[in-house]
Amino acid sequence: MAIQVPNMKTQKSLLKTYILWLIGGIYGLHHFYLGRDFQAFVWWTTLGGYGGWLLDLVNIPRYVRDTNEDQTHLKELGIKMRQNKKPPFSLNRFTGMLAVGYTWASLVSSAIPNDEVWGLNVKFLNWLVPLAASLGVWAVGNIGREKGGLKWPLLAAYVSYPIRYFYYDKTVWITIMVLAAALVFDSYSKEWRRTPQQKRHVAKRLAVFGVCATLYLSLWASSLYFNDTFTDADGVRIPIYQALKQVVYGEWWTDVKQFGFDVYQFVQHHGWYELWKQVVELCDPQDEQNAYQVLGVGPDASQQEITRRWRQLSRENHPDKAAKDLRAATEKFMEIQQAYEILSVGKHRRFSRNKRDNSVSDGPIHM
Numbered sequence: 072m073a074i075q076v077p078n079m080k081t082q083k084s085l086l087k088t089y090i091l092w093l094i095g096g097i098y099g100l101h102h103f104y105l106g107r108d109f110q111a112f113v114w115w116t117t118l119g120g121y122g123g124w125l126l127d128l129v130n131i132p133r134y135v136r137d138t139n140e141d142q143t144h145l146k147e148l149g150i151k152m153r154q155n156k157k158p159p160f161s162l163n164r165f166t167g168m169l170a171v172g173y174t175w176a177s178l179v180s181s182a183i184p185n186d187e188v189w190g191l192n193v194k195f196l197n198w199l200v201p202l203a204a205s206l207g208v209w210a211v212g213n214i215g216r217e218k219g220g221l222k223w224p225l226l227a228a229y230v231s232y233p234i235r236y237f238y239y240d241k242t243v244w245i246t247i248m249v250l251a252a253a254l255v256f257d258s259y260s261k262e263w264r265r266t267p268q269q270k271r272h273v274a275k276r277l278a279v280f281g282v283c284a285t286l287y288l289s290l291w292a293s294s295l296y297f298n299d300t301f302t303d304a305d306g307v308r309i310p311i312y313q314a315l316k317q318v319v320y321g322e323w324w325t326d327v328k329q330f331g332f333d334v335y336q337f338v339q340h341h342g343w344y345e346l347w348k349q350v351v352e353l354c355d356p357q358d359e360q361n362a363y364q365v366l367g368v369g370p371d372a373s374q375q376e377i378t379r380r381w382r383q384l385s386r387e388n389h390p391d392k393a394a395k396d397l398r399a400a401t402e403k404f405m406e407i408q409q410a411y412e413i414l415s416v417g418k419h420r421r422f423s424r425n426k427r428d429n430s431v432s433d434g435p436i437h438m
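Put into structure tokens, the structure is as follows:
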């Protein structure tokens with residue numbers, strides 16, 4: 072059977088393909104440009120086909136010729152098709168089937184919650200794992216000039232799926248299931264793609280790609296949310312979803328909501344300017360930091376220590392003791408007085424605030 076060639080076709084640029092490979096090769100950007108959507112999605116889900124994007128550096132010229140349906144390339148392909156009734160065995164493609172099928176099946180398996188969700192046991196969703204395995208095999212098998220149906224690998228995956236009840240190791244039964252699907256696809260489903268794939272508008276292709284990508288990312292999100300854990304300070308492993316529930320419904324979130332409500336109430340009564348003044352006050356402005364440096368005390372110094380230090384520096388730097396530069400001595404003396412005033416007012420303000428807070432500590436607690 073001859074290869075059908077369309078009359079009109081937009082030619083793809085070899086240079087642009089290499090540029091896209093360089094920019095987003097591991098995400099399959101160059102394959103999407105060439106219309107190889109299956110391979111683009113496989114590359115995207117596996118971050119470059121487990122290193123296959125490096126081999127694209129050599130294969131890109133052939134991909135471009137195939138997409139542009141170069142006459143010389145098609146003649147060579149026609150000879151190969153006549154010599155082989157079905158595509159010959161390819162170790163690279165078969166390995167890709169195993170890798171992608173295993174990856175997708177493992178992801179679906181890990182995305183199914185181990186615990187009940189809203190009181191519902193969702194373990195029955197494990198029957199979707201063979202579907203994911205066969206889809207991975209089928210996707211790789213339909214890249215380029217080869218194609219095949221989903222029926223046989225899907226049947227093989229479901230037939231071999233019960234092995235999981237005898238071999239509990241997930242890596243073992245998923246590997247056996249994917250291997251069965253790949254062998255059946257290569258033996259019974261694989262055939263030549265003799266007619267070019269139907270050309271679709273780029274918007275439709277992006278929509279399909281987006282739906283598939285969203286589904287794939289949703290599986291990752293489910294896996295992390297329901298089944299991933301982290302270790303707390305006590306060495307206890309806590310599921311992510313339980314930790315998030317504690318954040319949302321715990322005291323911390325309640326305090327945050329109450330704080331937001333209090334800020335809203337304050338603004339309603341006093342305005343934004345007063346809120347800004349409060350923020351500046353609470354942020355410990357630079358003047359107070361400089362005041363500590365001028366007096367030579369630390370932030371933890373008591374009022375008595377500040378006063379004692381102020382009196383000492385005032386005596387040492389009094390203008391009456393200045394022998395030469397009276398102006399500099401006066402400025403230094405005034406700086407000491409100002410620093411003492413800033414720190415004294417700040418200490419008094421914080422003391423009053425703490426006293427006021429303690430006086431209402433027995434009042435109602437906002438929940």
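Mapped onto our numbering, the consecutive letters of the sequence shown carry residue numbers 72 to 438.
Quick reminder that beta carbons are idealized off the backbone N, C-alpha and C, glycines included.
By the neighbour-count criterion, in which a residue is buried when 16 or more other Cβ atoms sit within 10 angstroms of its Cβ, L250 is buried. In the DSSP assignment, R308 falls within the beta strand (DSSP E) that extends over 308-310. Under the three-state reduction of DSSP, W189 is assigned to coil, being neither helix nor strand.
DSSP links W263 through a beta bridge to E217.
In this structure, P158 keeps its C-beta atom at 8 angstroms or more from the C-beta atom of K222.
By the Cβ criterion, the segment 121-138 is in contact with the segment 85-104, since at least three pairs of Cβ atoms, one from each stretch, lie closer than 8 angstroms. In this structure R380 is in contact with L366, their Cβ atoms being roughly 5 angstroms apart against a cut-off of 8 angstroms. Under DSSP, F301 shares a beta bridge with I309. According to the DSSP assignment, N139 belongs to the alpha helix (DSSP H) that extends over 123-139. Buried is the label assigned to F404, since at least 16 other Cβ atoms lie within 10 Å of its Cβ. Boundaries of the alpha helix (DSSP H) harbouring W291: 273-293, taken from the DSSP string. According to the DSSP assignment, W198 belongs to no alpha helix (DSSP H), since it is labelled neither H nor E. The straight-line gap separating the alpha-carbon atoms of G172 and D333 is approximately 54 angstroms. In the three-state reduction of the DSSP assignment, V338 falls in the helix class, which pools H, G and I. Taken through DSSP and simplified to helix, strand or coil, S205 comes out as helix. For the 8 angstroms CB-CB criterion, A204 and W175 form a contact.
Each of L397, Y236, C283, S258 was checked against the Cα of D108, and the nearest Cα belongs to C283. Counting of Cβ neighbours within 10 angstroms places K146 among the exposed residues, the total staying below 16. Annotation for R235: no alpha helix (DSSP H) segment contains it, and DSSP assigns it neither H nor E.
Here I183 carries a coil assignment [DSSP, helix/strand/coil].
Straight across, the Cα-Cα distance linking Q82 with V273 is about 15 angstroms. Assignment of L366 by DSSP, reduced to helix, strand and coil, places it in the helix class.
Look at the beta carbons and you see the segment 194-213 not touching the segment 134-141: under three pairs across the two are nearer than 8 angstroms.
Pairing Q408 with K395, the inter-Cα distance amounts to about 21 angstroms. DSSP places A227 in the uninterrupted alpha helix (DSSP H) bounded by 222-231. For Q154, the uninterrupted alpha helix (DSSP H) segment begins and ends at 142-154. Bounds of any alpha helix (DSSP H) do not take in I97, whose DSSP letter is neither H nor E. Taking each of N298, A410, P390 in turn and checking the Cα distance to V179, the smallest one comes out for N298.
The alpha-carbon separation between F165 and S258 amounts to approximately 11 angstroms. Taking 8 angstroms as the cut-off, the Cβ atoms of R216 and R264 count as close. Per the C-alpha coordinates, the member of V338, A182, K218 positioned closest to S289 is A182. For Q110, the enclosing alpha helix (DSSP H) begins and ends at 108-117.
Rounded to whole angstroms, the separation of the alpha carbons of I97 and F337 is 52 angstroms. Counting only the Cα atoms, L93 lies some 27 angstroms from P267.
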